[in-house]
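Colleague: Counting the sequence shown from 1 gives a position; this note's numbering is that position plus 111.
Even for Gly, the Cβ is constructed at its ideal location relative to N, Cα and C.
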Amino acid sequence: MNAILNALARAFVSLLHPKMLWLMVWPVIVALVLWVTLAVLYWGEAAQWIAAQLHQWPAYEWAVSIWPLKLVAAWFVWILLLLLFMPAVLITAVLIISIVSMPTMVAHVGGRDYPGLVRRKGGTFAGSLWNAFAALMLFALLLAVTLPLWLVPLLWPVLPIALFGYFNQRVFRYDALAEHATAAEIAEIVRRHRGGLFLLGVALALVGHVPVLGLLMPVYGGLAFIHYGLERLGELRSAPIEGAAARV
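Okay, structure coming up:
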């Protein structure tokens with residue numbers, strides 16, 4: 112937990128640097144323009160499609176038959192679209208930052224805070240594209256499977272946070288390490304710190320749900336994963352090689 116809090120604190124300091132200000136603004140603006148345009152053009156069609164999909168789920172039919180939920184059933188699809196709008200903007204901004212901005216952010220953080228960490232360039236641009244695509248597809252699949260459960264009151268706050276937490280760590284972990292770590296080191300850090308990466312993603316998902324402050328999350332999240340990943344990489348490289356003591 113200390114490692115996660117440390118990454119969040121150091122990311123906040125990095126966020127205040129003037130170089131990060133423009134990176135903080137333009138991906139969100141691009142994402143907002145994109146989704147507002149799509150909403151104007153296709154809102155009605157999207158509402159009809161979601162309604163048709165939901166009615167195929169027995170769990171949804173059961174949920175909207177219960178008295179409190181029955182009252183909002185007629186407006187549920189529109190409410191759902193409104194609730195999904197800002198997450199869609201943030202997801203798009205996260206993907207833009209992951210593919211376009213992370214190299215600049217990694218160079219900034221690495222040069223200022225981890226100058227002694229050798230850059231072994233185990234990641235590639237193609238690898239970043241594939242990682243972002245795979246993260247988006249897995250997120251969409253999990254969202255489609257769990258969407259009817261979002262009607263259950265106790266699951267409503269938990270499922271979105273967990274899903275966005277998974278998405279955050281799945282997108283950022285590769286790009287945070289791609290410049291400095293080898294492919295084997297990236298895989299080893301993910302294996303050793305899978306839980307920590309997920310908890311960091313969850314913490315950032317909570318930030319993303321705070322009005323206004325959530326717009327800062329994509330860049331702040333990228334910086335947090337850079338600090339967390341590079342710190343873990345430094346620990347991995349400084350750790351004694353397993354079995355070395357026995358050979359001495």
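So what does DSSP say about Tyr225, is it helix, strand or coil?
Modeller: coil
Colleague: What residue range does the alpha helix (DSSP H) around Thr148 cover?
Modeller: Annotation: the continuous alpha helix (DSSP H) that includes Thr148 extends over 129-165.
Colleague: State the Cα-Cα distance for the pair Leu191 and Gly345, rounded to the nearest angstrom.
Modeller: 43 Å
Colleague: On the CB-based measure, 16 or more other CB atoms within 10 Å of its CB, does Asn113 come out buried or exposed?
Modeller: Burial call: exposed.
Colleague: By Cβ distance below 6 Å, which residues in the same chain neighbour Arg281 in space, the five residues on each side in sequence not counted?
Modeller: Ala246
Colleague: Can you check the segment 303-340 for any beta strand (DSSP E) of at least 3 residues that lies completely inside it and give the ranges in chain order?
Modeller: none
Colleague: Check whether the segment 255-267 touches the segment 287-307, counting contact only when three or more Cβ pairs, one atom from each stretch, lie closer than 8 Å.
Modeller: Here the segment 255-267 does not lie against the segment 287-307, with fewer than 3 beta-carbon pairs under 8 Å apart.
Colleague: Quick check on this structure: which residue in Met213, Gly155, Leu265, Val318 has the alpha carbon closest to the alpha carbon of Arg284?
Modeller: Nearest option by C-alpha distance: Met213.
Colleague: In or out: Tyr339 buried (at least 16 other Cβ within 10 Å) or exposed?
Modeller: buried
Colleague: For Arg343, which of helix, strand or coil comes out of DSSP?
Modeller: Correct three-state label for Arg343: helix.
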